[in-house]
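Only one structure is covered here, and it is reproduced in the block below.
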Amino acid sequence: MPTTAETAIKNLSRLGGNTTCPNCGTHSKYGFSTICIKYYTFVCNNCKSSHQAISHRCKSVTMSSWEMGEVLKLKRYGNDY
1 MPTTAETAIK
11 NLSRLGGNTT
21 CPNCGTHSKY
31 GFSTICIKYY
41 TFVCNNCKSS
51 HQAISHRCKS
61 VTMSSWEMGE
71 VLKLKRYGND
81 Y
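Numbering follows my numbering, in which position 29 of the sequence shown is assigned residue number 29; successive positions increment by one, without gaps.
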């Protein structure tokens, strides 16, 4: 059963700026399923691989556990930062 934090993350992934990858500009109508923790941005799968190649931690929107502190950072930064 999803927690409040996980539900908030899913809702954030569908907001305007978060549906465009900040690295390559790819647009996704339903948002991206990965977050780069170093920058707190939603990224596409291709850019996720690039971030992981340089040791940036990435988390899945649906498969990871989330805390409200992380949700607040995503609200503050996100892809519009």
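Glycine is no exception: its CB is placed at the ideal position from the N, C-alpha and C atoms.
From a predicted model like this one, the values you see are computed outputs, not experimental measurements.
Quick check on this structure: which residue in Gln52, Cys44, Ser55 and Ser60 has the alpha carbon closest to the alpha carbon of Gly25? For Gly25, the nearest C-alpha among the options comes from Cys44.
Just tell me which of Cys36, Thr4 and Val61 has its CA closest to the CA of Ser49. Nearest neighbour of Ser49 by Cα position, chosen from Cys36, Thr4 and Val61, turns out to be Cys36.
So, are the CB atoms of Val61 and Ala5 less than 8 Å apart? Cβ atoms of Val61 and Ala5: not closer than 8 Å.
Let me know if His51 comes out buried or exposed under the rule of 16 or more other beta-carbons within 10 Å of its beta-carbon. So His51 counts as buried.
So, using beta-carbon positions, are Leu74 and Tyr40 closer together than 8 Å? Yes, these two residues count as a Cβ contact at 8 Å.
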